[in-house]
Amino acid sequence: MIEGGPGMVQHAFQPWLRRRRLPMVLVAAALAVAVAATGRLQSADIMPPGVDPAEMEPLELQPPDADVTPAIAPFDEDIPGLDYTLTITGTEDPDLLRIFDGVSLLRELRDRPPRTFAGLLRRIEDDLDRFRTVLRSEGFYDGTVDYMVDDEAEPIEVIVTVTPGEPFVLSSFDVTYVSVNDIPPPTTPSLEDLGLTIGMRARAAPVVAAGRRLIDHLINDARPFAERTDRRAVVDYRDRTMTVDVFVDPGPPAGFGPVTFEGLDRTRLDYVEQWIDWSVGEPFRQDSLDTVQSGLVGTGLFASVVVTHAEALDADGNVPIQVSVIEDKPRSIGASIGWSTDRGFGGRAFWEHRNLFGRDEDLRLSADLDQLEQGGRIEFVRPNFRRLDRRLFATAQASRVDTDAFEGFTASLASGLEWPLGGNWFASAGGLIEYSNLDDGDGRQSSVLGGIPLTVSYRGADDDLDPTTGVRFDLGLTPFAGQSGTATFFHLTDVGLAAYYPIDDRRRYVLAGRTRIASIVGEETTDIPANRRLYAGGAGSIRGFGFQLVGPLDAANDPIGGRSALELTGEVRARVWREFAVVPFVAAGNVYDSSLPDFSEPLRWAAGLGLRYHTPIGPLRLDVAFPVNRRPDVDDRFQIYISIGQAF
Numbered sequence: 300m301i302e303g304g305p306g307m308v309q310h311a312f313q314p315w316l317r318r319r320r321l322p323m324v325l326v327a328a329a330l331a332v333a334v335a336a337t338g339r340l341q342s343a344d345i346m347p348p349g350v351d352p353a354e355m356e357p358l359e360l361q362p363p364d365a366d367v368t369p370a371i372a373p374f375d376e377d378i379p380g381l382d383y384t385l386t387i388t389g390t391e392d393p394d395l396l397r398i399f400d401g402v403s404l405l406r407e408l409r410d411r412p413p414r415t416f417a418g419l420l421r422r423i424e425d426d427l428d429r430f431r432t433v434l435r436s437e438g439f440y441d442g443t444v445d446y447m448v449d450d451e452a453e454p455i456e457v458i459v460t461v462t463p464g465e466p467f468v469l470s471s472f473d474v475t476y477v478s479v480n481d482i483p484p485p486t487t488p489s490l491e492d493l494g495l496t497i498g499m500r501a502r503a504a505p506v507v508a509a510g511r512r513l514i515d516h517l518i519n520d521a522r523p524f525a526e527r528t529d530r531r532a533v534v535d536y537r538d539r540t541m542t543v544d545v546f547v548d549p550g551p552p553a554g555f556g557p558v559t560f561e562g563l564d565r566t567r568l569d570y571v572e573q574w575i576d577w578s579v580g581e582p583f584r585q586d587s588l589d590t591v592q593s594g595l596v597g598t599g600l601f602a603s604v605v606v607t608h609a610e611a612l613d614a615d616g617n618v619p620i621q622v623s624v625i626e627d628k629p630r631s632i633g634a635s636i637g638w639s640t641d642r643g644f645g646g647r648a649f650w651e652h653r654n655l656f657g658r659d660e661d662l663r664l665s666a667d668l669d670q671l672e673q674g675g676r677i678e679f680v681r682p683n684f685r686r687l688d689r690r691l692f693a694t695a696q697a698s699r700v701d702t703d704a705f706e707g708f709t710a711s712l713a714s715g716l717e718w719p720l721g722g723n724w725f726a727s728a729g730g731l732i733e734y735s736n737l738d739d740g741d742g743r744q745s746s747v748l749g750g751i752p753l754t755v756s757y758r759g760a761d762d763d764l765d766p767t768t769g770v771r772f773d774l775g776l777t778p779f780a781g782q783s784g785t786a787t788f789f790h791l792t793d794v795g796l797a798a799y800y801p802i803d804d805r806r807r808y809v810l811a812g813r814t815r816i817a818s819i820v821g822e823e824t825t826d827i828p829a830n831r832r833l834y835a836g837g838a839g840s841i842r843g844f845g846f847q848l849v850g851p852l853d854a855a856n857d858p859i860g861g862r863s864a865l866e867l868t869g870e871v872r873a874r875v876w877r878e879f880a881v882v883p884f885v886a887a888g889n890v891y892d893s894s895l896p897d898f899s900e901p902l903r904w905a906a907g908l909g910l911r912y913h914t915p916i917g918p919l920r921l922d923v924a925f926p927v928n929r930r931p932d933v934d935d936r937f938q939i940y941i942s943i944g945q946a947f
């Protein structure tokens, strides 16, 4: 049995010299307290004067089992390692235990046991130093760390005993401005705004963060050159308190100066100037520069955007601003392919220009082709139309369709505006006109419709192709009027909701669910053009059933469509090994002739299993689905879907 405490092992072995990168918690922790003197008061430099913690080069150490004393154990690949277990006792604080586990080399290198007992002791001593630093950074300045090794156990037992003691508390946080030549001096935010409270545990992280918040406040309050010059922390071991003094040079007050743009080629100056929301002479705010940078990056026009201010004031007391950009290539082409048992092979190809006239206009030409539908589409989008965040869009499309429900030709024109409502909420309104010439089994019918699509949507998911958290919601309201044999008028309401919930912190296991309910009022089913009726079944609907095959059927078992639809889907996305995931899922739904689901027919259920391979452009998807309550003369025994992206 070997026992040890502070300083015992370090006298027996040389310290290792090569540097090893430490976790960020240790970088902050190591800056917590550096004792400068003995006695009642001890000075503790939380950070070296004038150094931003984000700019510190983390300390690096050689791995503790390295052979710094070759005579003890010559290197030999055949020498077995010393297996050990680690137990941390003395505290039940879950936060401390979590931090200890995160910084422990004994824990991190458990699968790489040392070859010598000396190597194990070096790991232990390294952990003791790390744990003591953690205690100080968490406000336990007189805590102790000891260890015991049972070298007769198999595997060897390492027991580290941590005694935190009573925490020290913050008794004051004072800010002193140096080199202030203007009156009045800068305003200082409250302790609450800095994230501090007198009497709180004297942890290093909140104190360091408070210093950053103070500088952020000043540079957003017309002080672009504000910087911290010193910080001093004093720990009183008698009162168990810590006082902090921060010294800041606020620099001169400044206003916004003239703005110059560099690097614009195809993009027009008046377009990028929309993001400049200040006038020359207004008080400087750093967050305004950040808004300009994030806004220009968000356009997708630029490979690089850098917004900076000059290092000195001009003659008027303002700070000039420069926006430097590197324009990205405006054109791109792309293609995708897929296959399913109900639609066969299919693909899409597109060409787009993302800066057509120099104001971020997007023009996309695309073509879609599979065994059921062949068509083309032209899309034009003008972002930030007349004001930021308002989007003008227009589309023209035509397609030839040949499904079990109908066959024929359709063409449409649509245009509208989209604008944000706040947060992740958006609304849009527009108009469309559509022509169709279709045969639904009861004869060919030509139709002309006009519609006014109105939508409200919530876009709270974290990714389009592979969402792992958040919610999507869509509400569509579209009144239609026109001619389809006779005058026709009907109203479509379509509501969709999808939610994603990660089970673990790494989001490798995700619960996902989707529901859709739609309704048409105003006309009977047969008086509605076939392409505007409601259908269900297929890859984007109810997997396991053929395309559009869920719902009312005619005498030939071809789908008729309906006036209401209900779809429900749930799945578990489990990333089980590297980039591979398995996805068990269940789906249900039906289509009804009534304007609201009346459940005159039971829900059609399906279940299946999917495989995903995650790539930088999205997951490759393979799903196999089986109808549970299969209709023998209608539904196939299974359906297979291959594509890019999640099912929803």
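According to our numbering, the residues represented by the sequence shown are 300 to 947, in order.
Built from N, CA and C at the ideal position, the CB exists for glycine as well.
On a predicted model such as this, the values are computed, not experimentally measured, just so you know.
If I measure Cβ to Cβ from residue i and keep anything under 6 angstroms in the same chain, skipping five residues before and after, which residues do I get?
| i | result |
| --- | --- |
| S756 | F725, D773 |
| A648 | A634, A666 |
| A864 | A817, L833, A835, V890 |
| P466 | G438, F439, R500 |
| I636 | G646 |
| T754 | S727, G775 |
| S783 | S746, P828 |
Quick check on this structure: which residue in the options has the alpha carbon closest to the alpha carbon of residue i?
| i | options | result |
| --- | --- | --- |
| N723 | Q696, A760, L910 | A760 |
| D762 | T694, S578, A887, P918 | P918 |
| T792 | D739, L513, R642, R862 | R862 |
| P629 | S489, D564, R686 | D564 |
| Y383 | P778, P896, R584, L405 | L405 |
| E581 | P552, P463, E561 | P552 |
| S631 | V618, D661, D741 | D661 |
| P549 | I518, D569, I575, S578 | I518 |
| D803 | G860, P858, V871, V547 | V871 |
| I677 | L588, T694, T607, G442 | T694 |
| L764 | D426, A525, D538, F947 | F947 |
Could you tell me which residues DSSP pairs with residue i in its beta bridges?
| i | result |
| --- | --- |
| I620 | V558, H608 |
| G580 | The partner list for G580 (beta bridge, DSSP) is empty, contrary to what the question assumes. |
| L919 | Y912, I943 |
| N736 | F708, S745 |
| H790 | P778, V820 |
| R969 | The structure shown does not extend to residue 969, since the chain is modelled only from 300 through 947, so no value can be given for it. |
| F772 | Y757, L796 |
| A854 | The partner list for A854 (beta bridge, DSSP) is empty, contrary to what the question assumes. |
| W718 | A726 |
| Y808 | A873 |
How big is the Cα-Cα spacing for residue i and residue j?
| i | j | result |
| --- | --- | --- |
| D392 | R567 | 59 angstroms |
| L691 | L668 | 27 angstroms |
| Y912 | V875 | 11 angstroms |
| E823 | G850 | 16 angstroms |
| A532 | M541 | 7 angstroms |
| L495 | H516 | 15 angstroms |
| Q673 | Q847 | 17 angstroms |
| F560 | G750 | 44 angstroms |
| L490 | Q573 | 37 angstroms |
| W638 | V881 | 19 angstroms |
| S942 | D857 | 26 angstroms |
| A327 | A504 | With a pLDDT of 38 at A327, under the threshold of 50, the modelled position of this residue cannot be trusted, and the question is left open. |
| P778 | L748 | 10 angstroms |
| A811 | Y800 | 6 angstroms |
| A452 | L381 | 11 angstroms |
DSSP state of residue i, grouped into three classes?
| i | result |
| --- | --- |
| S635 | strand |
| E437 | coil |
| A417 | helix |
| S665 | strand |
| L568 | helix |
| Q696 | strand |
| R262 | This structure gives no information on residue 262, because the portion of the chain shown stretches from 300 to 947. |
| G845 | coil |
| E407 | helix |
| V927 | coil |
| G645 | strand |
| D400 | helix |
Between residue i and the rest of its own chain, which residues show a CB-CB distance below 7 angstroms, the 5 nearest in sequence each way excluded?
| i | result |
| --- | --- |
| V927 | W904, A905, A906 |
| S603 | V624, I625 |
| G389 | T460, V461, T462 |
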